[in-house]
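Undergrad:
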Amino acid sequence: MGVAHAIRFKPEDARLVHEDNNLETLSLIWLDDSIKNTKENLIIQQKLRAVIHHLITFHDVKDVNGDLEVILTKIRSDQANIRFKVDEPLAVSILTQSSDQGQSTTALNGKFIHSEVSIDVLLRMKSNPTDKNELIDLCKEEYKDNEKELAIIAEFEQSYSPDRALWWYTRDSFLYRLLNKALRVQNTDMIFLFRFFIRDIERQIEQYKCTEPIRVYRGQLMSNEELEVLRGSIGHFISMNSFLSTSIERKQALAFLDATTISDDLQRVLIMIDADPRIDGVKPFANITIYSYFTDEKEVLMMLGSIFQLIDIRSDDQLWLIRMKLCGDKDHTWKPIFEQMKNQYGGCDGQTDLLSFGSVLSDMGKYNDAEKYFRRLLNELPHDHNGIADCYHNLGEIALEKGDYDVSLEWFYKSLEIKLQKLVSHHPDLAESYNSIGVVHRKKGDYRQALESYTKALAIFKQVFNEDNIKIAKCYNNMGNIYQLEMKYSDALEYYQKALAIQQRQLHGDHPDLGSSYGNIGGVYQCLRQHDRALKNYQMSLEILEKSLPSQHSLIAMTLKNIGIVYEDKGELQQALAYFEKAEAIRRQALPSTHPHIRLIEEDIQRVKLQMNKFS
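The sequence shown begins at 7 in this note's numbering and counts up by one.
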């Protein structure tokens with residue numbers, strides 16, 4: 007009989023087992039040349055999968071033996087620790103700090119801020135009767151050969167209620183495993199299906215939240231690499247991208263650590279967290295002992311998205327001690343931009359919908375996911391619903407980002423046709439359509455048509471809003487693009503600077519629109535061959551975009567490419583190549599291989615390499 011091992015995969019190992027297909031965190035590997043030849047083996051597989059569902063089998067390894075009961079005991083022991091994620095990497099974002107005019111500020115992590123916004127949008131979305139059914143159907147398919155888990159799924163289907171969310175979350179079942187994996191790897195589809203459950207957990211934490219300061223503990227295994235990253239982040243802020251299970255009792259947290267197996271690459275870590283619920287804007291946390299499936303564990307559950315400051319890390323007799331404190335809104339400076347972006351997607355406290363969610367995903371650069379949810383909404387809405395035009399418009403924006411300009415125009419004109427029938431002639435939604443149509447014409451090289459569309463948009467916006475409105479700034483930027491392409495550089499610079507002035511008055515200093523404007527200004531100086539001014543503005547643009555957008559966003563890639571071009575013009579070819587290669591890496595991750603931007607960046611790299619070879 008072969009031996010099955012529970013494997014803790016690192017990201018670089020994922021190619022071995024295609025872990026992306028596994029909705030849980032752990033996988034079982036069975037090495038046996040007669041894996042399916044006996045009834046005994048099939049029975050054993052059922053027993054193993056009752057503990058860890060995802061089983062992968064290999065046929066060509068011989069002479070590997072072990073005792074099944076020993077293996078099962080070890081795996082069950084490991085699973086007991088998984089609830090406190092002792093040997094699973096923490097799902098965290100580290101927010102670095104920078105100094106600005108003598109004050110310590112948070113340098114925003116773009117992926118973090120958009121992740122926070124997307125969760126917020128999901129939790130404000132109205133539930134419907136099919137939400138739970140969709141999740142259950144998916145789970146039944148995932149666990150179709152696992153009788154134990156199917157029984158729990160059936161129980162959940164029949165008896166779940168919102169006031170039992172914590173009980174279900176703490177139970178060793180498909181819910182805990184799938185939800186935490188989804189949050190850790192940011193699986194958009196799974197988080198969407200779990201939104202009703204996340205909302206119910208958050209409501210219960212709020213209902214039972216602690217009202218007095220408390221110190222809690224968590225045992226954790228960390229790789230040397232993870233530990234080094236944290237050691238270099240003392241004083242910085244850390245966001246937990248999932249719910250965090252902790253214990254009131256230090257001994258209990260240490261007991262979980264003592265039960266784990268370590269290797270040369272893993273270190274035992276005890277995390278101590280001081281949490282004061284009286285701090286302004288702090289996320290709630292609750293002692294859930296009496297509401298938990300395991301009532302003998304003195305567990306405090308921290309809210310999804312809680313932010314901590316890393317105070318200290320030290321070593322103590324083969325144990326690393328990490329001290330953190332739970333932070334409130336005033337302890338960091340990301341809240342203003344979060345509120346601004348939150349307002350952008352359905353209002354600060356208003357109800358959101360699939361349109362809001364798709365828009366967040368699109369702004370994160372997740373165009374395929376966004377398109378899927380816009381199309382889903384199209385199928386759900388009545389044919390005469392006002393949201394149809396918005397869906398068409400957003401599908402046009404996605405086609406534009408993908409470089410499908412003709413398809414993009416089709417969507418925009420379909421949207422505009424509906425708006426012209428239903429809206430007054432000066433409605434701002436019409437201006438949005440004209441603006442986007444202008445962008446497509448610009449991309450297709452029809453500058454006259456583009457400028458006509460932008461002019462229509464600007465006229466409507468000026469009728470509706472005052473001169474300091476962000477939408478007017480957007481028009482100024484777009485018109486500046488045309489003047490730049492027509493080599494009317496003084497006009498372009500004038501319009502870009504008018505846009506920037508409005509944005510500086512209206513937006514948080516790290517808003518991505520400011521990054522775009524600095525990039526536009528840098529582009530004019532680049533055309534004027536004022537290289538130092540161009541680089542200064544491009545670097546300001548890059549700094550803002552890297553703080554406020556996900557790392558694979560197209561605007562970051564474009565800015566890196568533009569910086570590379572300036573260095574190429576200056577004859578600094580090594581620098582140029584470095585920036586081009588960074589841009590290429592992003593574009594290959596974010597875009598289909600047929601996208602024109604892939605071909606263009608490849609040409610940039612080849613051109614610089616030829617020049618370098620010529621001068622070497």
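All C-beta atoms, glycine included, are put in the ideal place defined by N, C-alpha and C.
Nothing here was measured: the structure is a model prediction, and the numbers come from that model.
Buried or exposed, going by whether 16 or more other CB atoms sit within 10 Å of the CB of glutamate 305?
TA: Taking the first residue of the sequence shown as 1, we reach residue 305 at position 299. Label assigned to glutamate 305: buried.
Undergrad: Which residues bound the alpha helix (DSSP H) around asparagine 230?
TA: Walking along the sequence shown from the start, residue 230 turns up at place 224. Segment 230 to 237, the alpha helix (DSSP H) holding asparagine 230.
Undergrad: Going by the beta-carbon positions, is the gap between threonine 565 and serine 554 smaller than 8 Å?
TA: By one-based count along the sequence shown, residue 565 stands at place 559. By one-based count along the sequence shown, residue 554 stands at place 548. Not closer than 8 Å, so no.
Undergrad: Using a 10 Å radius around the Cβ and a threshold of 16 neighbouring Cβ atoms, would you call lysine 6 buried or exposed?
TA: Only positions 7 to 622 of the chain appear in the structure, and residue 6 is not among them; the question remains open.
Undergrad: Using only alpha-carbon positions, find the residue among Gln580, Ser179, Asp151 and Asn139 that is nearest to glutamine 164.
TA: The count along the sequence shown starts at 1 and reaches residue 164 at position 158. The shortest Cα separation from glutamine 164 among Gln580, Ser179, Asp151 and Asn139 belongs to Asn139.
Undergrad: What does the Cβ neighbour count give for phenylalanine 621, buried or exposed, with the cut at 16 atoms within 10 Å?
TA: Looking up residue 621 in the sequence shown gives position 615. Exposed: under 16 other Cβ atoms inside 10 Å.
Undergrad: Would you grab the beta carbon distance between valine 288 and cysteine 333 for me? Rounded to a whole angstrom, and I think it's under 8 Å.
TA: Within the sequence shown, residue 288 is the residue found at index 282, counting from 1. Within the sequence shown, residue 333 is the residue found at index 327, counting from 1. Yes, valine 288 and cysteine 333 are in contact; Cβ-Cβ is about 7 Å, under 8 Å.
Undergrad: Pick out whichever of Phe249, Ile158, Ile211 and Gly238 has its Cα sitting closest to the Cα of alanine 188.
TA: For the purposes of this step, residue 188 is taken as the residue at position 182 of the sequence shown. For alanine 188, the nearest C-alpha among the options comes from Phe249.
Undergrad: Within the same chain, show all residues whose beta-carbon is closer than 6 Å to that of isoleucine 294, passing over the 5 residues directly before and after it, in chain order.
TA: As a first step, residue 294 must be located in the sequence shown, where it is residue number 288. Here the set comprises Leu172, Glu305 and Leu307.
Undergrad: Of all the options Thr600, Val123, Phe118 and His603, which has the alpha carbon lying nearest to the alpha carbon of threonine 358?
TA: As a first step, residue 358 must be located in the sequence shown, where it is residue number 352. Nearest of Thr600, Val123, Phe118 and His603 to threonine 358, Cα basis: Val123.
Undergrad: Going by alpha carbons, who is nearest to arginine 274 out of Leu233, Leu534, Ser312 and Ser522?
TA: Here residue 274 corresponds to residue number 268 of the sequence shown, with the count starting at 1. Among Leu233, Leu534, Ser312 and Ser522, the Cα nearest to that of arginine 274 belongs to Leu233.
Undergrad: Where glutamate 377 and isoleucine 404 are concerned, what is the direct C-alpha to C-alpha distance, given to the nearest angstrom?
TA: What you label residue 377 is simply residue 371 of the sequence shown in a count that begins at 1. What you label residue 404 is simply residue 398 of the sequence shown in a count that begins at 1. Each residue's alpha carbon lies about 7 Å from the other.
Undergrad: Less than 8 Å between the CB atoms is what I'm expecting for isoleucine 317 and lysine 331, so what's the real figure, rounded?
TA: On the sequence shown, residue 317 is found 311 positions in, with the first residue counted as 1. On the sequence shown, residue 331 is found 325 positions in, with the first residue counted as 1. At roughly 6 Å, the Cβ-Cβ gap stays under 8 Å, so isoleucine 317 and lysine 331 are in contact.
Undergrad: When burial is assigned at 16 or more other CB atoms within 10 Å of the CB, is isoleucine 296 buried or exposed?
TA: On the sequence shown, position 290 is the one that residue 296 refers to. With fewer than 16 other Cβ atoms from the protein chains shown falling within 10 Å of its own Cβ, isoleucine 296 counts as exposed.
Undergrad: Threshold first: 4 residues or longer. Then list the alpha helix (DSSP H) segments lying entirely within the stretch 325 to 401, N to C.
TA: 341 to 350, 360 to 369 and 373 to 386
Undergrad: Who are the Cβ neighbours of tyrosine 299 in its own chain at under 6 Å, not counting the five residues just before and after it?
TA: Numbered from its first residue, the sequence shown carries residue 299 at position 293. Excluding residues within five positions, the ones whose Cβ falls inside 6 Å are Trp173, Thr176 and Arg177.
Undergrad: Kindly indicate which three-state DSSP category glutamine 315 falls into: helix, strand or coil?
TA: Residue 315 sits at position 309 when you count from the first residue of the sequence shown. It is a strand residue.
Undergrad: Determine the DSSP secondary structure at leucine 566, reduced to helix, strand or coil.
TA: As a position in the sequence shown, residue 566 is number 560, starting the count at 1. Looking at leucine 566 - three-state DSSP - the assignment turns out to be helix.
Undergrad: Return the first residue and the last residue of the beta strand (DSSP E) that valine 275 is part of.
TA: Counted from its first residue, the sequence shown places residue 275 at position 269. Note, valine 275: beta strand (DSSP E), 272 to 281.
Undergrad: Which stretch, first to last residue, makes up the alpha helix (DSSP H) that contains phenylalanine 198?
TA: For the purposes of this step, residue 198 is identified with residue 192 of the sequence shown, where counting begins at 1. DSSP places phenylalanine 198 in the uninterrupted alpha helix (DSSP H) bounded by 194 to 199.
Undergrad: Could you compute how far the alpha carbon of isoleucine 571 sits from the alpha carbon of glutamine 545?
TA: In the sequence shown, the residue the question calls residue 571 occupies position 565. In the sequence shown, the residue the question calls residue 545 occupies position 539. Spanning the two alpha carbons is a distance of roughly 13 Å.
Undergrad: In the DSSP assignment, find the unbroken alpha helix (DSSP H) run with asparagine 483 in it and report its ends.
TA: As a working note, residue 483 is residue 477 in the sequence shown. From DSSP, the alpha helix (DSSP H) with asparagine 483 extends over 476 to 491.
Undergrad: List the endpoints of the continuous alpha helix (DSSP H) containing valine 306.
TA: Along the sequence shown, read from residue 1 onward, the residue named residue 306 stands at position 300. Not the alpha helix (DSSP H): valine 306 falls in the beta strand (DSSP E), residues 305 to 308.
Undergrad: Taking the alpha-carbon positions, what's the lysine 494 to isoleucine 607 distance?
TA: The residue you call residue 494 lines up with position 488 of the sequence shown. The residue you call residue 607 lines up with position 601 of the sequence shown. C-alpha separation (whole angstroms): 26 Å.
Undergrad: Given alanine 395, which residues of its chain have a CB within under 6 Å of its CB, disregarding the five upstream and five downstream residues?
TA: Taking the sequence shown and counting its residues from 1, the one referred to as residue 395 is at position 389. Once the five neighbours on either side are set aside, the close Cβ partners of alanine 395 are Ser421, Ile424 and Lys425.
Undergrad: Mind reading off the beta-carbon distance from valine 445 to leucine 415? Whole number of angstroms is fine, and I expect it under 8 Å.
TA: By 1-based counting over the sequence shown, the position of residue 445 is 439. By 1-based counting over the sequence shown, the position of residue 415 is 409. With a Cβ gap of about 10 Å, valine 445 and leucine 415 do not count as contacting.
Undergrad: Starting from alanine 292, trace the beta strand (DSSP E) both ways and give me its first and last residue.
TA: Looking up residue 292 in the sequence shown gives position 286. Segment 291 to 293, the beta strand (DSSP E) holding alanine 292.
Undergrad: According to the neighbour-count rule (16 or more other Cβ atoms, all chains shown, within 10 Å of its Cβ), is glycine 356 buried or exposed?
TA: Taking the sequence shown and counting its residues from 1, the one referred to as residue 356 is at position 350. Its Cβ having fewer than 16 others within 10 Å, glycine 356 is exposed.
Undergrad: Excluding sequence positions up to five away, which residues of its chain have a Cβ less than 7 Å from the Cβ of proline 602?
TA: Working through the sequence shown from its first residue, we reach residue 602 at position 596. If we look at proline 602 and ignore the five residues flanking it on each side, its Cβ neighbours are Gly409.
Undergrad: Could you round the C-beta distance between tyrosine 453 and leucine 499 to whole angstroms and report it? I think they count as a contact, below 8 Å.
TA: For this step, residue 453 is matched to residue 447 along the sequence shown. For this step, residue 499 is matched to residue 493 along the sequence shown. Tyrosine 453 to leucine 499, Cβ: 17 Å. No contact.
Undergrad: Assuming contact is defined by CB atoms lying nearer than 8 Å, are histidine 120 and glutamine 346 in contact in what I supplied?
TA: For the purposes of this step, residue 120 is taken as residue 114 along the sequence shown, with counting starting at 1. For the purposes of this step, residue 346 is taken as residue 340 along the sequence shown, with counting starting at 1. Their beta carbons are not under 8 Å apart, which means histidine 120 does not touch glutamine 346 by this criterion.
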